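2 protein chains.
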Amino acid sequence: MGVSLKDVALRAGVSVKTVSNVVNNYPHIRPGTRERVQRAIDELGYRPNATARHLRTGRSGIIALAVPELGNPYFADLAAAVIDAAAHHGHTVLLDHTAGLRTNETLVSQGFRSHLIDGLILSPIQLENEDLLRRTDGPPLVLLGEREYDAPYDHIAIDNVAAARLAVRHLLDLGRRRIAFVGARRETLRQPAHLRLRGWREEILRAGGTPRDELVVATDGYDRLDGAVAMTRLLALPEPPDAVFAYNDLVALGALRVLAERGLRVPQDVAVVGFDDIEDGRYGGVSLTTVAPDKAAIARLAVDCLIARIEAGAGGAAGADRAAIVPRRILPGHTLVVRESTTGRARAAEPRLVPG
Amino acid sequence: MGVSLKDVALRAGVSVKTVSNVVNNYPHIRPGTRERVQRAIDELGYRPNATARHLRTGRSGIIALAVPELGNPYFADLAAAVIDAAAHHGHTVLLDHTAGLRTNETLVSQGFRSHLIDGLILSPIQLENEDLLRRTDGPPLVLLGEREYDAPYDHIAIDNVAAARLAVRHLLDLGRRRIAFVGARRETLRQPAHLRLRGWREEILRAGGTPRDELVVATDGYDRLDGAVAMTRLLALPEPPDAVFAYNDLVALGALRVLAERGLRVPQDVAVVGFDDIEDGRYGGVSLTTVAPDKAAIARLAVDCLIARIEAGAGGAAGADRAAIVPRRILPGHTLVVRESTTGRARAAEPRLVPG
DNA sequence: CTGAAAGCGCTTACAG
DNA sequence: CTGAAAGCGCTTACAG
Chain A
1 MGVSLKDVAL RAGVSVKTVS NVVNNYPHIR PGTRERVQRA IDELGYRPNA
51 TARHLRTGRS GIIALAVPEL GNPYFADLAA AVIDAAAHHG HTVLLDHTAG
101 LRTNETLVSQ GFRSHLIDGL ILSPIQLENE DLLRRTDGPP LVLLGEREYD
151 APYDHIAIDN VAAARLAVRH LLDLGRRRIA FVGARRETLR QPAHLRLRGW
201 REEILRAGGT PRDELVVATD GYDRLDGAVA MTRLLALPEP PDAVFAYNDL
251 VALGALRVLA ERGLRVPQDV AVVGFDDIED GRYGGVSLTT VAPDKAAIAR
301 LAVDCLIARI EAGAGGAAGA DRAAIVPRRI LPGHTLVVRE STTGRARAAE
351 PRLVPG
Chain B
1 MGVSLKDVAL RAGVSVKTVS NVVNNYPHIR PGTRERVQRA IDELGYRPNA
51 TARHLRTGRS GIIALAVPEL GNPYFADLAA AVIDAAAHHG HTVLLDHTAG
101 LRTNETLVSQ GFRSHLIDGL ILSPIQLENE DLLRRTDGPP LVLLGEREYD
151 APYDHIAIDN VAAARLAVRH LLDLGRRRIA FVGARRETLR QPAHLRLRGW
201 REEILRAGGT PRDELVVATD GYDRLDGAVA MTRLLALPEP PDAVFAYNDL
251 VALGALRVLA ERGLRVPQDV AVVGFDDIED GRYGGVSLTT VAPDKAAIAR
301 LAVDCLIARI EAGAGGAAGA DRAAIVPRRI LPGHTLVVRE STTGRARAAE
351 PRLVPG
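For the protein sequence lines, the chains are A and B, in the order given. Those letters in the first sequence? Residues 1 to 356, by full-length UniProt numbering. Those letters in the second sequence? Residues 1 to 356, by full-length UniProt numbering.
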């Protein structure tokens, strides 16, 4: 440790500028010079110091991805996709974990660690609009997920209302009439922004039904246990639901577990649809019908947007005026993956995990 | 962006040294001075530039954790625990993803990104001993996981042989006599270091049984699909097993899925034990008996070891001679969590997910 | 095509 | 208790 440009320059008998040129692949270098420098680099085992470069250029080549829960496979998948997409741009990803807490999300968005990163992709849960408006500086920011904000930042998310309606329509088509919605987090229950809940409501109304409040169960979080608790409450109803649309797959899996414990048949007694298409959903005793967001597209679009903002900021005339930013809203696609938890059999495309 | 120590010094009418002292909480500063400086800091919204500090001190306050698969909840849990433990030492964690590939693991261990981090915790899959011996410089390194190496690095892992024997003994105690081992990765099959397989063998021999080769199924990876494929092969045997000990929970869950598809009863027809104690295992149609490593202890010990090495290196007289490092091997604890997949009922301590 | 020099924002002996 | 100055390892106008 400790071989610097200067050491290489000394050995090759050139200036540090020339070594820097070789390292950075500048076009116009005399072949002999390049060769001599390259040999010195190899002999000395020189490797550029990213920190010094960062200090000088103001660019680290690192972007951060802040997600609420790494333990949720959805975010693990998303992280993998973001890492891929960033690699295409020669960027490294720093993974951050907010636990879905407002304080952490605010901290991250305010530019905690901002000297380290060129940009931030944030998937917020509790962050409020005012937290975002209070953000005065910090690197470019791209938002992910269901929450909608009135702030000058790009936002990438599938059309959650449409996706939820797709799921509910599927249940209606199967003849279900008492469809519960499980997983509305308490503090967001009143917000108009709770898009999946809105989709549930709209689709039931469209079909001529009545969205019943007693069939909407608020939860503390979005985890399996929350789904289990909610399902238990639903089964205690005088007239339990014949279908459940869960906020996400983890919640749905918790619900499935309780149904299994009670000896209820899925989907005969209760059909279940999740959201996210995590791998776990394919491997339970009953495989899970779910809404599959196009994660690769989400990741790619988010990274592309962010990189564009970073580069615009660098070349920005008169200092990229934040107020002048026109935020982009992009809607990647989604599909409904039908499996046993609604139809009682695996779909044609994946009849069985293993043939035989 | 752009407020430096110098700006603060100018405003407060002191030297940069004094500002630096205030920022770093040096004890002996005249109260009036500190106050004046603090006010300037607040007014200007100054925040120290971590990159410059890193360049100067050689310490970034960042440690890297490189794991094979973020999608495996075991590693997600472990990552969360490491982040916690590192925070106690005022360190930030950079998460790295190797996909369990030798090239990536070598790259990471060789000090890719080494200028950014103070130390590395690596959980290798395919890394070979020679890859490790070829490591000439790079920051302190702590190894995690089942693979054992003859190289001068600390290694934190539970006693995998003992843990495997515990699992197999449980199956033997239940009267099972044809116990399969599923999940030996092909390329590691011949290695004596495949500790869980060794535990399986030893425990069967101890009980007076015969470890049968046809009951050991190699897999391509350690994922659900691998478990499903392996289980399918086992069921095609003339005499299928009456129990399965899986390399990890994901493999076990894949096996459970195939058993469910075939209409076989768990545990009556086939009992299943996994390894890792991931949350998914508690929520299937049949909850999974599993070996639970003490993840918090693993994380804490790994971080403690690493920080100790980092600080020793910094203060090391005559440059911490790598050959002089005496590697530490530490064995955190583990327990067997008995659930439905072996006993047919949830254990007393967690009878049902939700009472009622 | 290449060199000499300034400077990114810090910390840290060295003085006083 | 505080200041002036060097230097961490780079990149980048500015010359030539």
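Think of the CB as a built atom: it goes at the ideal place given N, C-alpha and C, for glycine as much as any other residue. No experiment lies behind these values; they were computed from the predicted model shown.
Under the three-pair Cβ rule at 8 Å, the region 193-213 of chain A counts as touching the region 161-177 of chain A. Pairing Leu44/A with Arg11/A gives a Cβ-Cβ distance under 8 Å. Under a 10 Å Cβ-count criterion, Pro267/A is classified as buried, with 16 or more other Cβ atoms of the shown protein chains found around its own Cβ. Rounded to the nearest angstrom, the gap between the Cα atoms of Val37/B and Ala52/B is 20 Å. By the neighbour-count definition (other C-beta atoms within 10 Å, threshold 16), Arg177/B is an exposed residue. With contact defined as three or more Cβ pairs closer than 8 Å, the region 134-152 of chain B and the region 90-110 of chain B are in contact. Counting the other CB atoms within 10 Å of its CB gives Pro241/B a total of 16 or more, which places it among the buried residues. In this structure, Leu195/B and Glu146/B form a Cβ contact; the two beta carbons are roughly 5 Å apart against a cut-off of 8 Å. Spatial neighbours of Arg59/A in its own chain (CB-CB distance under 6 Å, excluding positions within 5 residues in sequence) are listed in chain order as Asp118. If you look at Leu256/A, you'll find it in the alpha helix (DSSP H) that goes Asp249 to Glu261. In the DSSP assignment, Val93/B forms a beta bridge with Ile63/B.
For Gly32/A, the enclosing alpha helix (DSSP H) stretches over residues Pro31 to Leu44.
Per the coordinates, the alpha-carbon of Ala230/B lies some 17 Å from the alpha-carbon of Asp269/B. In the DSSP secondary-structure assignment, Pro293/A is bridged to His334/A. Using a Cβ-Cβ cut-off of 8 Å, Thr343/B does not count as an interface residue toward chain A, since no Cβ of chain A sits closer than that to its own. Apart from the 5 residues on each side of it in sequence, Leu253/A sits with its Cβ closer than 8 Å to the Cβ of Arg224, Gly227, Gly274, Asp280, Gly281, Gly284 and Leu288 in its chain, given in chain order. Taking 7 Å as the upper bound on Cβ-Cβ separation, chain B lies near residues Ala76, Asp77, Ala79, Ala80 and Ile83 of the region 76-90 of chain A. Note on geometry: alpha-carbon atoms of Arg102/A and Leu143/A lie some 15 Å from one another. Neighbours of Arg224/A across chain B, judged by C-beta separation under 7 Å: Glu279 and Tyr283. Within chain A, no residue has its CB atom less than 9 Å from the CB of Pro238/B, the nearest being about 16 Å off. In the three-state reduction of the DSSP assignment, Thr210/B falls in the coil class, being assigned neither a helical nor a strand state. Membership of Asp131/B in the alpha helix (DSSP H) is indicated by the continuous run Asn129 to Leu133.
As the crow flies, the alpha-carbon of Leu132/B is around 25 Å from that of Ile83/B. Here Pro73/A is buried: its Cβ has 16 or more other Cβ atoms, across all protein chains shown, within 10 Å. For Val326/B and Ala308/B, the gap between their C-alpha atoms comes out near 13 Å. Residue environment: His334/B is assigned as buried (16 or more neighbouring CB atoms within 10 Å of its CB, all protein chains considered). A residue is called buried once 16 or more other Cβ atoms fall within 10 Å of its Cβ, and Thr232/B is buried on that count.
In the displayed model, Leu234/B falls within a helix according to three-state DSSP.
Distance from the Cα of Phe75/A is smallest, within the candidate group Ala40/A, Asp304/A, Leu122/A and Glu35/A, for Leu122/A. For a cut-off of 8 Å, the C-beta gap from Val8/B to Ile41/B is around 6 Å, short enough to register as a contact. Around the CB of Lys17/A, fewer than 16 other CB atoms lie within 10 Å, so the residue is classed as exposed. In terms of beta-carbon proximity, Ala252/B stays away from the interface with chain A, with every pair separated by 8 Å or more. Setting aside the 5 residues that flank it on each side, Leu301/A is surrounded in the same chain by Ile156, Ile330 and Pro332, each with a C-beta closer than 8 Å to its C-beta; the list follows chain order. Residues are counted here when their Cβ sits less than 9 Å from a Cβ of chain B; for the region 291-306 of chain A the count is zero. The C-alpha of Val251/A is placed about 9 Å away from the C-alpha of Thr219/A. Take Ile125/B, set aside five residues on each side of it, and the residues of its chain with a beta-carbon closer than 6 Å to its own are Pro68 and Gly100, in chain order.
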